[in-house]
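Visitor: Those protein sequence lines, which keep their order, are chains H and Z. Residue 4 in the numbering used here is what sits at position 4 of the first sequence, and the numbering runs on without skipping anything. If you want the numbering used here, it's the position in the second sequence, counting the first as 1, plus 334. The beta-carbon is built from N, C-alpha and C at its ideal position, and this holds for glycine as well. Structure in structure tokens, see below.
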Amino acid sequence: MIELIKKLCESFGPSGRENTVRSLIIEELKKNGVDFTIDTLGNLIVTKESKESQDAKKILIAAHMDEIGLMVTFIDEDGFLRFTNIGGLLKNTLPGRKVVFENGTVGIIGQEKIKNTKELVLDKLYIDIGAQSHEEAKSKVKIGDMAVFLAPFSREGNRVMAKSLDNRIGCAVVLEALKKLLSFSLPNTVYFVFTVQEEVGLRGARPVAYRLKPDFGLAIDVTRVGDTPEPEFNTNVALGKGPTVKIKDSSVICHPQVTNLMIKVAENKNIPYQPEVLERGGTDAGAIHLVREGIPSGALSIPCRYIHTPAEMVDLDDVKNSVSFLSELLKVSW
Amino acid sequence: MLITELSQIPGVSGDESRVRDFIKEKLSSWGIEHYTDSLGNLFALKEGKKNGSESGLMLSAHMDEVGLLVSSVEKSGHLRFYKVGGVDERALITKPVLVGPNDVMGVIGAKAIHLQKKEERKKPLKIENLCIDIGAKDKDDAERVVKVGDYVSFYSEAGLSGNIVKGKALDNRAGCAALLEILQRDYPCSFTAVFTVQEEVGLRGAIVAAYRIKPRIALVLETTGAIDIPEAKNQDHSTSLGAGPAFTVKDQSIIAHPRVLERLIEVAERQKRTYQFRRYGGSSTDAGAISLAGSGTAAGVISTPCRYIHAPVSMLLKEDWQNLVEITDAFIRSVYEKGLEI
Numbered sequence: 001m002i003e004l005i006k007k008l009c010e011s012f013g014p015s016g017r018e019n020t021v022r023s024l025i026i027e028e029l030k031k032n033g034v035d036f037t038i039d040t041l042g043n044l045i046v047t048k049e050s051k052e053s054q055d056a057k058k059i060l061i062a063a064h065m066d067e068i069g070l071m072v073t074f075i076d077e078d079g080f081l082r083f084t085n086i087g088g089l090l091k092n093t094l095p096g097r098k099v100v101f102e103n104g105t106v107g108i109i110g111q112e113k114i115k116n117t118k119e120l121v122l123d124k125l126y127i128d129i130g131a132q133s134h135e136e137a138k139s140k141v142k143i144g145d146m147a148v149f150l151a152p153f154s155r156e157g158n159r160v161m162a163k164s165l166d167n168r169i170g171c172a173v174v175l176e177a178l179k180k181l182l183s184f185s186l187p188n189t190v191y192f193v194f195t196v197q198e199e200v201g202l203r204g205a206r207p208v209a210y211r212l213k214p215d216f217g218l219a220i221d222v223t224r225v226g227d228t229p230e231p232e233f234n235t236n237v238a239l240g241k242g243p244t245v246k247i248k249d250s251s252v253i254c255h256p257q258v259t260n261l262m263i264k265v266a267e268n269k270n271i272p273y274q275p276e277v278l279e280r281g282g283t284d285a286g287a288i289h290l291v292r293e294g295i296p297s298g299a300l301s302i303p304c305r306y307i308h309t310p311a312e313m314v315d316l317d318d319v320k321n322s323v324s325f326l327s328e329l330l331k332v333s334w
Numbered sequence: 335m336l337i338t339e340l341s342q343i344p345g346v347s348g349d350e351s352r353v354r355d356f357i358k359e360k361l362s363s364w365g366i367e368h369y370t371d372s373l374g375n376l377f378a379l380k381e382g383k384k385n386g387s388e389s390g391l392m393l394s395a396h397m398d399e400v401g402l403l404v405s406s407v408e409k410s411g412h413l414r415f416y417k418v419g420g421v422d423e424r425a426l427i428t429k430p431v432l433v434g435p436n437d438v439m440g441v442i443g444a445k446a447i448h449l450q451k452k453e454e455r456k457k458p459l460k461i462e463n464l465c466i467d468i469g470a471k472d473k474d475d476a477e478r479v480v481k482v483g484d485y486v487s488f489y490s491e492a493g494l495s496g497n498i499v500k501g502k503a504l505d506n507r508a509g510c511a512a513l514l515e516i517l518q519r520d521y522p523c524s525f526t527a528v529f530t531v532q533e534e535v536g537l538r539g540a541i542v543a544a545y546r547i548k549p550r551i552a553l554v555l556e557t558t559g560a561i562d563i564p565e566a567k568n569q570d571h572s573t574s575l576g577a578g579p580a581f582t583v584k585d586q587s588i589i590a591h592p593r594v595l596e597r598l599i600e601v602a603e604r605q606k607r608t609y610q611f612r613r614y615g616g617s618s619t620d621a622g623a624i625s626l627a628g629s630g631t632a633a634g635v636i637s638t639p640c641r642y643i644h645a646p647v648s649m650l651l652k653e654d655w656q657n658l659v660e661i662t663d664a665f666i667r668s669v670y671e672k673g674l675e676i
């Protein structure tokens, strides 16, 4: 699984340009003989029909493939690039970072002279791709091209560090659970969906939920933690203490039917879990639960430090427990 | 000219009926079947010349413009107002306006400059400091011709001078005019053209319009800000006049579908038409709502660059608009000839 996580994290996939990540996941699906479809916006859908009952409930599992990134808006006379954000970039993490474009072009984020950190806005930043002229820059990159952080994957003990663990770790968890469940006959019909464009406003999940008309929705994503020195977020969630059962974030108040079932399964199967109340942030569950006549939804999150920076961190026990948690959840009738 | 005719018509978000009536009349005279939905969106069903050639294509342009709404009438007969859509408050003072369905003439007034205190002169006037003066003697006099809830539109004569078009509401009457221009031409395939309502207050018409017709592909004809003025650095221009219509890669509401964007570039290149990319990553268009309707739509945006949008008078170049029409025309034909695999 480590190799899979590394491959997923190191691949290129800002919102709207998820094709590389999708291809990687498709490769894994094909290796396991799993069929799939892709919808208009690019969501990747795997359907596992229940053969146990005519009126089996339908559950949509959503893990987003996209990551935050940058988009070129202007190439200046000297070949420096100006950019806008794709999703929630944290300005203070940008200067000095390397970024990479889909075609492999690498650049550094540079910063104009500023008097104090309050003046640090995107307009003051640029990307330097080493071009020595406007023409040279234009031959490598054009307006509208997107870039993501260039950051290697590392492992220290039980923790892994990488860019875009948000939410490639979620994709990895769903893929592993899917593989585990292949030989099982399930009481529910399950749609495993790898969604697009979550980081720009939960956009992929909505149309795919509309198409599939599930009875329940469950997002698999990362969540913030409060276990670091003077943490920025007021939460008890900590790395290594298990996956979370989301109660609320800014996009959704999770349906009690879903959260109660999650807690019951975790307790029955002795899977460590943490309740999660996220002050700021949303997940695909926020979009799914408002589709059509309303779809009771929840979320299982993997605790993650330094979200939306070029170096995020998760705990491998949490990852393993998330896989077991999701698999066990899908083995019970909803 | 269609753009200038459309520009003159008052049609603030929620009050698009006069724009709609103008367009309906054109459609009827050209024999194009059309209908209006409950929110006021106007759907024109363009028949293709080849039978059974439904393209799954939706073209759209919003009819509404930003403006004001009367919120109360003062004892003195002056009207207080709210903004409808993104209006630059600082641009309001001394502008002529039309109030209500009977187009009562008014002027946005404020304390005269020589009566303002030193501090007051330094700050731009806020909406609370402004009122609409319709020359009424008092409240009763005012209420004989206007009422709370009346829409207020900018009064600004549209003009055409060589390549330059000026007028109010070019955002997005230029898009409506382009769509009408397209509808007069013959195409092998059928498609639906939608003139939407309430874009400026949150893409509201497009949400239900796209849900109704469930298009496979959508192209939104828009007007976008050009900030190519001496005060702004080149990198902040977003778009420039004369550089051709702008294709959106990403704004606040959408990341344009790559297949639609690629096809726009392809037909523009083939036709040797000038085009540019919109460089500003913010603000929204109907395409955002359309792309998420139903099971999802592959959507893109093509815009005429326009200076001073959302102000009482704006300016664009006819050649940019003409190139928008021709690229859109080529896009429709290309979708028919080559299909468009999503």
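Hey, does ARG546/Z have any beta-carbon neighbour from chain H nearer than 8 Å?
Guide: No, ARG546/Z does not count as interfacial toward chain H.
Visitor: Just the chain H side, please: which residues come within less than 7 Å of PHE611/Z by C-beta, in chain order?
Guide: By Cβ distance, chain H contributes ILE143, GLY144.
Visitor: In the DSSP assignment, the alpha helix (DSSP H) including MET313/H goes from what residue to what residue?
Guide: Where MET313/H is concerned, there is no enclosing alpha helix (DSSP H), although the beta strand (DSSP E) it sits in stretches over 312-315.
Visitor: Could you have a look at ILE59/H and say whether DSSP puts it in helix, strand or coil?
Guide: In the structure shown, ILE59/H sits in a strand (DSSP, three-state: E or B).
Visitor: Could you give the distance in angstroms between the alpha-carbon of LYS57/H and the alpha-carbon of VAL46/H?
Guide: Distance between the alpha carbons of LYS57/H and VAL46/H: 16 Å.
Visitor: Residues in the same chain with beta-carbon distance under 7 Å from ARG211/H, minus the five sequence neighbours each way, listed in chain order, please.
Guide: These residues qualify, in order along the chain: ASP39.
Visitor: Taking the beta strand (DSSP E) that PHE216/H belongs to, which residues open and close that run?
Guide: Where PHE216/H is concerned, the enclosing beta strand (DSSP E) stretches over 216-223.
Visitor: Given SER50/H, which residues of its chain have a CB within under 7 Å of its CB, disregarding the five upstream and five downstream residues?
Guide: Hits under 7 Å: ALA56, LEU186, PRO187, ASN188, THR189.
Visitor: Taking ASP585/Z as the reference, give the member of ALA577/Z, LEU449/Z, ILE636/Z with the closest Cα.
Guide: When only C-alpha atoms are compared, the closest one is ILE636/Z.
Visitor: Please name the residue or residues paired with ILE75/H in a DSSP beta bridge.
Guide: LEU81/H.
Visitor: Could you tell me which residues DSSP pairs with VAL245/H in its beta bridges?
Guide: Paired residues: PRO275/H, LEU300/H.
Visitor: Round the Cβ separation of SER668/Z and VAL601/Z to the nearest angstrom and send it over; I've been treating them as touching at under 8 Å.
Guide: Between VAL601/Z and SER668/Z the Cβ distance is about 5 Å, and since that is below 8 Å, they are a contact.
Visitor: Count the C-beta pairs between the region 113-130 of chain H and the region 270-279 of chain H that are closer than 8 Å, then say yes if the count reaches three, no if not.
Guide: Contact fails: fewer than three Cβ-Cβ distances are below 8 Å.
Visitor: Identify, in the order they occur along the chain, each residue of the same chain with its Cβ nearer than 8 Å to the Cβ of ALA446/Z, setting aside the five sequence neighbours on each side.
Guide: Closer than 8 Å at the Cβ level, and outside the excluded window around ALA446/Z, lies no residue.
Visitor: Leaving aside the five residues before and after GLY79/H along the sequence, list all residues of the same chain whose C-beta is less than 7 Å from its C-beta, in chain order.
Guide: Excluding positions up to five away in sequence, the list reads ALA131, GLN132, SER133, HIS134, GLU136, ALA137.
Visitor: Tell me whether HIS448/Z sits in a helix, a strand or coil according to DSSP, three-state version.
Guide: Of the three classes helix, strand and coil, the one that applies to HIS448/Z here is helix, per DSSP.
Visitor: Determine, using beta carbons only, whether ALA209/H and LEU60/H come nearer to each other than 8 Å.
Guide: Yes, Cβ-Cβ distance for ALA209/H and LEU60/H is below 8 Å.
Visitor: Beta carbons nearer than 9 Å to chain H: which residues of the region 614-629 of chain Z have them?
Guide: Within the region 614-629 of chain Z, the residues whose Cβ lies closer than 9 Å to some Cβ of chain H are TYR614, GLY615, GLY616, GLY622, SER625, LEU626, ALA627, GLY628, SER629, listed in chain order.
Visitor: Please tell me whether PHE216/H has its Cβ less than 8 Å away from any Cβ of chain Z.
Guide: Closer than 8 Å: no.
Visitor: If you compare alpha carbons, which of THR93/H, GLY42/H, VAL160/H is closest to LEU8/H?
Guide: Among THR93/H, GLY42/H, VAL160/H, the Cα nearest to that of LEU8/H is on VAL160/H.
Visitor: Output needed for SER617/Z: all residues of its chain with C-beta closer than 6 Å, excluding positions within five of it in sequence on either side, in chain order.
Guide: Contacts found: ASP585, GLN586.
Visitor: Which same chain residues, not among the five before or five after ALA645/Z, have their C-beta less than 7 Å away from its C-beta?
Guide: Cβ within range, chain order: ASP422, ALA425.
Visitor: Can you give the Cα-Cα distance for LEU537/Z and THR631/Z, rounded to whole angstroms?
Guide: Each residue's alpha carbon lies about 15 Å from the other.
Visitor: With a threshold of 16 other CB atoms inside 10 Å of the CB of THR84/H, please say whether the residue is buried or exposed.
Guide: Label assigned to THR84/H: buried.
Visitor: Using DSSP's beta-bridge definition, name the partner residues of TYR191/H.
Guide: TYR191/H is bridged to THR47/H, LEU60/H.
Visitor: Examine chain Z for any beta-carbon lying closer than 8 Å to the beta-carbon of MET313/H, and answer yes or no.
Guide: So, not an interface residue.
Visitor: Beta-carbon within less than 6 Å of PRO310/H's beta-carbon, same chain only, minus the 5 sequence neighbours each way: which residues are those?
Guide: The residues are ARG97, PHE149, ALA151, LYS163.
Visitor: Just to confirm the assignment, what range does the alpha helix (DSSP H) spanning MET262/H have?
Guide: 256-268 is the span of the alpha helix (DSSP H), which, as asked, contains MET262/H.
Visitor: Counting only C-beta atoms, is ALA470/Z closer than 8 Å to chain H at any point?
Guide: For ALA470/Z, the answer is no, since every Cβ of chain H falls outside 8 Å of its Cβ.
Visitor: Would you call the region 412-421 of chain Z and the region 460-468 of chain Z touching, i.e. three or more CB-CB distances under 8 Å?
Guide: Yes, the region 412-421 of chain Z is in contact with the region 460-468 of chain Z.
Visitor: Considering only the alpha carbon of each residue, which of ILE114/H, VAL141/H, ASP76/H lies closest to GLY104/H?
Guide: Considering only alpha carbons, the answer is VAL141/H.
Visitor: For GLY204/H, I'd like the list of residues in its chain whose CB is within less than 6 Å of its CB, leaving aside the five on either flank, ordered along the chain.
Guide: Around GLY204/H: LEU41, ASN43, THR195, VAL196, GLN197.
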